[in-house]
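All remarks here apply to the structure that follows.
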Amino acid sequence: MSLADFLRKIAAAQANSTGIPGLSRILMNEINMPVIITDAKGRVLSWHCPPSVALFPEERIMLPSTILNHRENLIEGIISFKGKKFKYFCWPIGEPKILGYLLVIGKLEESLETKSLMFGQYAEAVSLAVMVEIMHQREIVNIEKNYRDEFVRDLIFNNFDGIDEVIRLGKIWGCNFSGAHFVMVIQLFNKSNNLEPEQLEASSSIEKFFIEKVPGSIVGEMAHFQVVISPLPQSQSADWHFFTRDLLAGLSPIISEWDYIAGVGKISGSINELYRSYQQAKVALELGKLIQHDCSPVFFDELGAVRLFYNQSEQDLDEYYKEVMEPLEKFDRENNGSLLMTLWHYFRAGRNMKKASEKLFIHTNTLRYRLKKIEELLGTSLEDEETRFNIYAALTVAAILGKIEPKIQS
Amino acid sequence: MYQWRFLVDPSLCIGCRNCEIACRNEFNIKGGERRRWIKPVDNEDNYRKHFLTMSCNHCENPECFRVCPEGTLRKRRDGVVIHDPRRCAGCGTCVRACPFGAIRYSLRTGKVDKCNFCADRLETNLNTACVEACPTGALRQLSVYENNPPSILRTVPGFGKIMLTRPSTRFLISGNLSRQDGGDVDT
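Line by line, the protein sequences give chains A and B. Each residue of the first sequence is one higher than the one before, counting from 667 in this note's numbering. Each residue of the second sequence is one higher than the one before, counting from 241 in this note's numbering.
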């Protein structure tokens, strides 16, 4: 078949919406060799083999490093399927960002060099057509996502006309709003500064994860975070904190390129109250970023006394902080000391000397000396109940006011 | 940011209160009640630093909205926070919750009242009454489809705490006010 006829055939296949499988079949028929099309991570999107070749790739194939570190438009090498080695020719799909790979597989003993000259143009034409298909599919996914995001936004902003309407729309997205639900807000942080992992991929992984683990969940994307509305399984209602912690712990391996922090709102018995759970989750997330020093989920109903402080005026908080901590701050300022941070870590470690000294990278005796100095400066004993409460409150205020650097940057 | 928001330039504000009066006229507000007001900001030596025109900031996470026991507030798809007075019991919980004092209790109606971003005027492609009335261009509005201009700020001195509620109002300093007075640059 001439190249012009081949291109005509591709155009006709695209017009008939045969998709990526249709395109790989056309190429396989033309060159009579196995054709595999994968996405950028090696997930097989389509594969076709002539009847004479027995090749059954798995759902995901391990792409050789020569493909992943490629520089040229055409890459060749050896690949193995179920222990059997084959020769391959690979065309990356998409420029400059790789969207996938088109692989043509041949027998190991076969000399493909001359053949590659023959089918190279055909494969290149198909890889371009596949790129168009992938972009088209992404567009459809984006449109669907936009509709879903708008529905989630309406739910969490109390912006709907009636419950009937919400239930009807919920059914479209596979949600049943008859039981109790709760809202989680997840903010992602890029682990590596050099590479920019694709957030779209992370959000679709998060969505898949929650829908699989808690059927009936819906995930929407807001400006900087993911909002997850999950039904609470009746069997888990007794210890839903444990259930949620367990659930979120399973998320880390799914989005390995990202760090995350999650805020969890209270359980909402009715869809009318869902917006409240969302706002609670947001408050938990924002406060968690200030007071939490690891990535475990922050529950609104576990925030405790912090909730008393966050809505006070900045001036009142600052006054209170200075009243309690002024002597320590002055000492730190004048002597380039770190008594404030010492106290912070001491309290964060539950007043455990060993844990606190490990966190501060100092000897326990040094910590003991510093605590004695703190008691001296404050003119009171750290064993006194009221002093302890005041210090804890002032340290929390310091975190809210940004005087103590949080580990997780917003 | 996909929402309607006010863009305030404190260096251009002369404190004339035109915005405040236009808002009162638009909504026929009587007595001492106000949906928009001018806040003078002084420095430590009691010298007038600048004026700030204040109203509801149609926050990203409205705190009023979380605490209202009647669910009278909602955030529309265009980001405008709307209060439904029919469901309001006038308990005042939202008044205490708003860190900007943007929701006020009305002695006349026994309910609370707040800026609705002139929702009716937006429907007819008109600017909000306060923006229309500003003679110096210190108060402007940005639509859902408009991007933030470069070097925009999220807060300026005297504005209030933005950490939790994330107000949508943005600031631009084009005049003499020192840029050091500004807060975080919004990226």
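Beta carbons are placed, not taken as given, at the ideal position from N, Cα and C, and that holds for glycine.
Runs of alpha helix (DSSP H) with 4 or more residues, each lying fully within the segment 793 to 835 of chain A, are absent. Chain order gives the chain A residues near A337 (chain B) as N977, where near means a beta carbon separation below 9 Å.
Within chain A, not a single residue places a beta-carbon under 8 Å from that of K289 (chain B); the smallest gap is close to 16 Å.
For the segment 947 to 975 of chain A, the residues whose beta carbon sits under 7 Å from a beta carbon of chain B are, in order, K948, V949, E952. According to the DSSP assignment, I1057 (chain A) belongs to the alpha helix (DSSP H) that extends over 1051 to 1066. If you look at G954 (chain A), you'll find it in the alpha helix (DSSP H) that goes 940 to 957. H298 (chain B) and I895 (chain A) have their C-alpha atoms spaced approximately 23 Å apart. By a beta-carbon distance limit of 8 Å, E1042 (chain A) does not contact L1048 (chain A). Their separation comes to about 11 Å. Under the three-state reduction of DSSP output, C259 (chain B) falls in the helix class.
By the rule that beta-carbons nearer than 7 Å mark a contact, F891 (chain A) does not touch chain B.
Between the segment 962 to 970 of chain A and the segment 926 to 942 of chain A there are three or more C-beta pairs closer than 8 Å, enough to call the two in contact. Counting C-beta pairs with one atom in each stretch, the segment 248 to 265 of chain B and the segment 290 to 308 of chain B have three or more that are closer than 8 Å, which means they touch. In the three-state reduction of the DSSP assignment, M694 (chain A) falls in the helix class. Inclusion of A868 (chain A) and I927 (chain A) in the CB contact set at 7 Å is not warranted, their separation being larger than that value.
Assignment of alpha helix (DSSP H) within the segment 698 to 750 of chain A, counting only whole runs of 4 or more residues, yields 731 to 734 in chain order.
A residue is called buried once 16 or more other Cβ atoms fall within 10 Å of its Cβ, and D353 (chain B) is buried on that count. Of the other Cβ atoms in all chains shown, 16 or more fall within 10 Å of the Cβ of P339 (chain B); this residue is therefore buried.
Look at the beta carbons and you see the segment 754 to 770 of chain A touching the segment 794 to 813 of chain A: at least three pairs across the two are nearer than 8 Å. For a cut-off of 8 Å, the C-beta gap from R264 (chain B) to C355 (chain B) is around 12 Å, too long to register as a contact. With a minimum length of 3 residues, the unbroken runs of beta strand (DSSP E) contained wholly in the segment 880 to 948 of chain A fall at 884 to 887, 891 to 897, 924 to 930. For the segment 334 to 367 of chain B, the beta-carbon criterion of a distance under 8 Å to any beta-carbon of chain A is satisfied by A337, P339. Inside the segment 755 to 779 of chain A, DSSP marks no whole alpha helix (DSSP H) run of 4 or more residues. The three-state secondary structure of H1011 (chain A), taken from DSSP, is helix. By the beta-carbon neighbour count (other beta carbons within 10 angstroms, threshold 16), F1055 (chain A) is exposed.
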